[in-house]
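Top to bottom, those sequences are chains D and S.
Mapping to my numbering: the first sequence position 55 is 1238, numbers consecutive.
Mapping to my numbering: the second sequence position 146 is 153, numbers consecutive.
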Amino acid sequence: MSERRLPPVTQVGMLSLALIVAAVIYMSAHLPQHVALGPAIALLSASALLLAGVVLALFRTAGFAWARFVEVARWALLAYALIAAMIEFVFLRNNTSGGPLIVLTLCLLVFALTVPVLIAFTVARYADPA
Amino acid sequence: MASATVPSHAVAPGVSPPAIERPDFEIVPRRGLPIVAFVLVLLIVGISVNKIWPLMFLHVVGGAAWTVIDLFLGFVLGPIMGKLSIPARVEFTTRLMPKMVLIMPTVVTVTLAAGWQLSTHLGTNQTSYALHGWVVASFIVVGVMSVIALGLLEPANIAVLTELKKPQPNPAVIERLMKRFIYTAGATGLMQVATFVIMTKLATG
């Protein structure tokens, strides 16, 4: 099996996912009571930066099967946006508002982007670039 | 039934590998989408009405399906799949995995969303709740399982099916991804034992 040299998208993507899940767990462990947003914002920022960094690194990789990546990512994005929306709905239903709602929404946004990137990368890495 | 062939093992360039027939299949079975939509509508209704019985029903049924599927896949089907011949494994994979693409995300979403609403309704997600530590432990277990399932298992599942859709799938890629799928299914199956411990503790107080 021929392997192109690719950035560690799966490893970094999983770390990004772990950080965002940690942020949501931290928020969920305190809600509906008052929650200090600092740790969640730090985890969210680190997760978003990792995701952006690895996607940027992938953009700079020659010979990557982008057409396949986009084809898979858009359907996965649709599915995971729906899942994120369902989770957001539960928090909205329970009157989560203000800062916690904004941070949770951003966490779910990063979640809904990270999973499609992981799925699309795993498919596209074995596809022909043409 | 066959619409394409899969080489039975990796071969040297220029040598035609013996071909294996594989069934035609959809990566995402469209016939299952209305069922998923129906379940998600049930979830929205259950959360909206905010009554204990529908929330308990959705959380328990979803959670039971999630744990049982993970355990069965990780400890029963996984080892069996590993020992099957390549043609049998290909046929089994093309029949099982497209269903998993729809079942698992739906079951997980229903369990988590209904579970959060239920815990809000019962007050078990309040920090003042006596077993709040156990509730947070369940969040952590689910979080770790989610990272494994979403980061490794689900991408491997989709990638295997995409590879099998190619006119000439690469058996080495399928082998590698199937191993990843089976090992991660085993890992999440093992973590489901922790879920059982926590949930029975929460149920009995």
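Every residue gets a Cβ at the ideal spot worked out from N, C-alpha and C, and that includes glycine.
Exposure label - residue i; buried when at least 16 CB within 10 Å
i: residue 1232(D); result: exposed
i: residue 37(S); result: exposed
i: residue 97(S); result: buried
i: residue 1213(D); result: buried
i: residue 1243(D); result: exposed
i: residue 33(S); result: exposed
i: residue 1311(D); result: exposed
Where the alpha helix (DSSP H) containing residue i begins and where it ends
i: residue 33(S); result: First-last for residue 33(S): undefined, no H or E at that position.
i: residue 1199(D); result: 1192-1213
i: residue 89(S); result: 85-90
i: residue 190(S); result: 178-211
i: residue 1305(D); result: 1281-1307
i: residue 134(S); result: Note, residue 134(S): premise wrong, no alpha helix (DSSP H); not H, not E.
i: residue 140(S); result: 139-155
i: residue 163(S); result: 161-172
Secondary structure of residue i, DSSP reduced to three states
i: residue 123(S); result: helix
i: residue 1217(D); result: coil
i: residue 1251(D); result: helix
i: residue 77(S); result: helix
i: residue 1246(D); result: coil
i: residue 58(S); result: coil
i: residue 1310(D); result: coil
Rounded C-alpha distance that separates residue i from residue j
i: residue 1258(D); j: residue 1272(D); result: 21 Å
i: residue 7(S); j: residue 1189(D); result: The shown model of chain S, from 8 to 212, leaves out residue 7(S), and the question about it has no answer.
i: residue 1237(D); j: residue 48(S); result: 36 Å
i: residue 176(S); j: residue 1196(D); result: 26 Å
i: residue 196(S); j: residue 188(S); result: 12 Å
i: residue 64(S); j: residue 1268(D); result: 21 Å
i: residue 116(S); j: residue 204(S); result: 21 Å
i: residue 1224(D); j: residue 1286(D); result: 7 Å
i: residue 30(S); j: residue 1215(D); result: 50 Å
Interfacial residues, the segment 151-162 of chain S to chain D, with Cβ spacing under 9 Å
151, 153, 154, 155, 157, 158, 159, 161, 162
Please list, in chain order, the residues of the segment 1282-1306 of chain D that have any C-beta partner in chain S closer than 9 Å.
1294, 1297, 1298, 1301, 1302, 1303, 1304, 1305, 1306
When you check each C-beta in the segment 54-74 of chain S against every C-beta of chain D, which residues fall closer than 9 Å?
54, 55, 57
Where the segment 1191-1221 of chain D meets chain S: residues whose CB sits under 8 Å from a CB there:
1193, 1196, 1197, 1200, 1201, 1204, 1205, 1207, 1208, 1211, 1212, 1213, 1214, 1215, 1216
What are the residues in the segment 1242-1253 of chain D lying within 9 Å of chain S by C-beta distance?
1251
Using a Cβ-Cβ cut-off of less than 9 Å, give me the residues of the segment 1253-1272 of chain D that come near chain S, in sequence order.
1255, 1258, 1259, 1262, 1263, 1265, 1266, 1269, 1270, 1272
Can you give me, in chain order, the residues of the segment 132-151 of chain S that have a beta carbon less than 9 Å from any beta carbon in chain D?
132, 133, 134, 135, 139, 142, 143, 146, 147, 149, 150, 151
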